[in-house]
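Below is one structure; the comments refer to it alone.
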Amino acid sequence: MRLTSIHKCRPGDTLARAIYAENGTVLVGAGVELTQRMLDRLKQMNIATLYIQDKRTEDIVLETPVSEQTRREAMSVIQTAFRSVHEFPHKWQQVFTDRQLGRQLRQVLSRMADELRGCRSAMNLLADACASDHYIFSHSFNVTLYGTALAIKSGFSEREVLEIGIGAMMHDIGKMAIPDDILKKPDRLTPDEYEVMKKHAEYGFELLRRQEDIPLLAAHCAYQHHERLDGTGYPRGLKGGEIHPYAQLVTVCDVFDALTTHRIYRPPLLPHEAMEKLFAGTDTLFAKTFVESMRDTISLYPLGLSVTLNTGESGVVVDSNKGMPSRPIVRILYDENGEPVASPYEYDLSKRLQLMIVACDGLV
């Protein structure tokens with residue numbers, strides 16, 4: 051399989067990986083032959099990349115970080131909680147009064163943590179495409195996935211991992227109290243609209259801190275995930291150690307997902323490009339320790355991505371090295387003159403240190 055921009059897909063291409071609906075169910079299954087109508091609809095649903103079957107790379111196997119059931123249940127919890135706040139704004143205090151929701155929240159996060167601990171390879175963030183009519187739902191799931199994995203990688207205890215997971219899952223719930231004309235605006239916000247949007251951090255904290263089933267430190271993830279180490283964030287302009295470590299961790303995941311997600315007003319960045327931006331802000335905006343852990347947790351070069359080496363040879367990423375995410379295994383398909391090679395061969399960049407990736411095929 052190969053990873054490609056949806057804009058480069060053509061009718062007749064066959065999906066190699068399923069596309070999920072926002073509730074976690076399969077929207078389009080693997081093996082389906084794409085039509086122009088399907089491609090147009092997927093573009094409308096903000097799907098940016100797809101895995102397409104390709105005989106030259108048909109042996110690529112992607113390990114899904116969490117199971118389909120866990121994804122579906124996590125998305126269900128997110129939608130239930132968020133929509134309750136949105137549809138009944140005057141009863142937001144009662145969102146977690148239903149003990150069943152609180153139990154589901156903890157159960158799904160515990161299962162997610164167990165599955166992530168058993169994940170043998172670096173997380174391939176583009177493995178599963180998710181169509182969502184509401185960006186916040188898919189974003190909250192992604193931040194939960196990254197946040198839980200990062201908490202495990204960073205050595206937090208089982209209890210702390212659960213608290214961070216709750217904070218990550220609910221970090222944006224305050225946005226449900228923001229007027230729809232601002233929340234769902236397809237263009238960039240005006241300065242006045244942005245000031246309203248910034249209120250979501252306080253709204254989320256006020257909602258979560260009153261819930262018996264939500265740890266207070268998880269509520270602080272909602273309150274502080276837009277704070278920055280140099281004091282330039284909001285809502286309180288906290289600096290350095292004034293920002294709780296949980297919130298510092300969730301911040302890195304929140305920004306990373308925002309950068310790598312397709313938005314109407316800008317294309318997504320590839321994982322290694324997003325990491326470059328995070329590293330540029332270390333010790334001024336973001337905690338270096340969590341940025342470094344993020345780099346070591348994810349697959350910076352997604353499997354199936356077309357890359358060019360400093361030798362002029364080009365091919366696709368066929369595997370990652372968990373300990374060296376910037377040094378994947380590349381299958382060479384074209385020589386330095388751009389001609390197809392008769393017999394593809396592979397370089398393990400973790401062992402061939404003189405070789406470097408100098409270009410990637412854009413996904414937009």
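All residue numbers for the sequence shown refer to my numbering, where the first residue is 51 and numbers rise by one.
For every residue, glycine included, the Cβ atom is placed at its ideal position computed from N, Cα and C.
Span of the alpha helix (DSSP H) holding threonine 310?
Here residue 310 refers to the residue found at position 260 when the sequence shown is read from its first residue. First-last of the alpha helix (DSSP H) with threonine 310: 295-310.
List the endpoints of the continuous beta strand (DSSP E) containing isoleucine 407.
Translated into positions along the sequence shown, residue 407 becomes position 357. Looking at the DSSP string, the run of the beta strand (DSSP E) that includes isoleucine 407 is 407-410.
If I measure Cβ to Cβ from serine 415 and keep anything under 6 Å in the same chain, skipping five residues before and after, which residues do I get?
Because the chain is modelled from 51 through 414, residue 415 falls outside the range shown and cannot be assessed.
Can you tell me whether glutamine 150 is buried or exposed, with buried defined as 16 or more other CB within 10 angstroms of its CB?
Counting from 1 along the sequence shown, the entry for residue 150 is found at position 100. Its Cβ having fewer than 16 others within 10 Å, glutamine 150 is exposed.
For the alpha helix (DSSP H) that contains valine 82, what are its first and last residues?
Start at 1 with the first residue of the sequence shown, and residue 82 comes out as number 32. Run containing valine 82: none; DSSP gives neither H nor E here.
Could you tell me whether the stretch 192-204 touches the stretch 156-167, where touching means 3 or more Cβ pairs closer than 8 Å?
At 8 Å Cβ cutoff, the stretches touch.
Evaluate contact between the stretch 352-369 and the stretch 379-393, counting only Cβ atoms and requiring at least three cross-stretch pairs below 8 Å.
Verdict: yes, contact present.
Compare the Cα-Cα distances from phenylalanine 206 to each of Phe340, Gly62 and Gln404 and report the closest residue.
For the purposes of this step, residue 206 is taken as residue 156 along the sequence shown, with counting starting at 1. Answer by Cα proximity: Phe340.
Looking only at C-alpha atoms, which of Arg106, Lys289 and Pro61 sits nearest to valine 391?
The residue given as residue 391 occupies position 341 in the sequence shown. Considering only alpha carbons, the answer is Arg106.
Can you give me the start and stop residues for the alpha helix (DSSP H) that proline 378 sits inside?
Counting from 1 along the sequence shown, the entry for residue 378 is found at position 328. Run containing proline 378: none; DSSP gives neither H nor E here.
Whose CA, out of Ala324, Val305 and Leu355, lies closest to the CA of aspartate 222?
On the sequence shown, position 172 is the one that residue 222 refers to. Comparing Cα positions, the closest option is Val305.
When you measure from the CB of isoleucine 56 to every non-hydrogen atom of the ligand COA, does any distance come out below 7 Å?
As far as ligands go, the structure on display features none, and thus does not contain the ligand COA.
Around the Cβ of valine 357, are there at least 16 other Cβ atoms within 10 angstroms (buried) or fewer (exposed)?
Counted from its first residue, the sequence shown places residue 357 at position 307. By the 10 Å Cβ count, valine 357 comes out buried.
Might you give, ordered along the chain, the residues of its own chain that have their beta carbon closer than 6 Å to the beta carbon of alanine 268, omitting 5 neighbours on each side?
On the sequence shown, position 218 is the one that residue 268 refers to. Excluding residues within five positions, the ones whose Cβ falls inside 6 Å are Glu213, Ile216 and Gly217.
Have a look at the DSSP bridge pairing and note the partners of arginine 316.
Taking the first residue of the sequence shown as 1, we reach residue 316 at position 266. According to DSSP, which records beta bridges pairwise, arginine 316 is partnered with Arg313.
Starting from glutamate 326, trace the alpha helix (DSSP H) both ways and give me its first and last residue.
On the sequence shown, position 276 is the one that residue 326 refers to. Run containing glutamate 326: 321-330, per the alpha helix (DSSP H) assignment.
Sorted by chain position, which residues of the same chain lie with C-beta nearer than 7 Å to leucine 405's C-beta, five sequence neighbours on each side aside?
The count along the sequence shown starts at 1 and reaches residue 405 at position 355. Closer than 7 Å at the Cβ level, and outside the excluded window around leucine 405, lie Leu359, Asn360, Thr361, Tyr397 and Leu399.
Assign glutamate 396 to one of three DSSP states: helix, strand, or coil.
Indexing the sequence shown from 1 puts residue 396 at position 346. If DSSP states are grouped into helix, strand and coil, glutamate 396 belongs with the strands.
Among Leu92, Thr130, Leu155 and Ile69, whose alpha-carbon lies nearest the alpha-carbon of glutamate 415?
In the structure displayed, the chain extends from 51 to 414; residue 415 sits before or after that span and is not available.
Flag this pair as touching only if the stretch 123-138 and the stretch 94-104 have three or more C-beta atom pairs under 8 Å; answer yes or no.
No, they do not touch.
Tell me the residue span of the beta strand (DSSP E) that contains threonine 3.
This structure gives no information on residue 3, because the portion of the chain shown stretches from 51 to 414.
Could you compute how far the alpha carbon of proline 394 sits from the alpha carbon of leucine 335?
Residue numbering aside, residue 394 sits at position 344 when the sequence shown is read from its first letter. Residue numbering aside, residue 335 sits at position 285 when the sequence shown is read from its first letter. Straight-line Cα distance between these residues: approximately 43 Å.
Using only the alpha-carbon positions, how far apart do threonine 99 and isoleucine 56 sit?
Translated into the one-based positions of the sequence shown, residue 99 becomes position 49. Translated into the one-based positions of the sequence shown, residue 56 becomes position 6. So the alpha carbons of these two residues sit roughly 5 Å apart.
Of the residues Cys410, His322, Lys327 and Gly331, which one's Cα is nearest the Cα of methionine 374?
Taking the sequence shown and counting its residues from 1, the one referred to as residue 374 is at position 324. The option with the nearest alpha carbon to methionine 374 is His322.
Excluding the 5 residues flanking proline 378 on each side, which residues of the same chain have their C-beta closer than 7 Å to its C-beta?
Taking the sequence shown and counting its residues from 1, one reaches residue 378 at position 328. Tyr351, Val367, Asp369, Ser370, Asn371 and Leu399.
So, alanine 227 versus valine 135, is the Cβ gap smaller than 8 Å?
Along the sequence shown, one-based indexing puts residue 227 at 177. Along the sequence shown, one-based indexing puts residue 135 at 85. Cβ distance < 8 Å, so alanine 227 and valine 135 count as in contact.
Quick one, are the C-beta atoms of serine 190 and leucine 299 less than 8 Å apart?
As a first step, residue 190 must be located in the sequence shown, where it is residue number 140. As a first step, residue 299 must be located in the sequence shown, where it is residue number 249. In this structure, leucine 299 does not lie closer than 8 Å to serine 190 by Cβ.
State buried or exposed for valine 116, treating a residue as buried only when at least 16 other CB atoms are found within 10 Å of its CB.
Within the sequence shown, numbered from 1, the residue matching residue 116 stands at position 66. Flag for valine 116 reads buried.
Can you tell me the Cα-Cα spacing of glycine 283 and histidine 276, whole angstroms?
Position 233 of the sequence shown, counting from 1, holds the residue named residue 283. Position 226 of the sequence shown, counting from 1, holds the residue named residue 276. Rounded to whole angstroms, glycine 283 to histidine 276 spans 6 Å at the Cα level.
Quick one: is isoleucine 75 buried, meaning 16 or more other Cβ sit within 10 Å of its Cβ, or exposed?
On the sequence shown, position 25 is the one that residue 75 refers to. It should be pointed out that residue 75 corresponds to threonine in this sequence rather than to isoleucine. Burial call: exposed.
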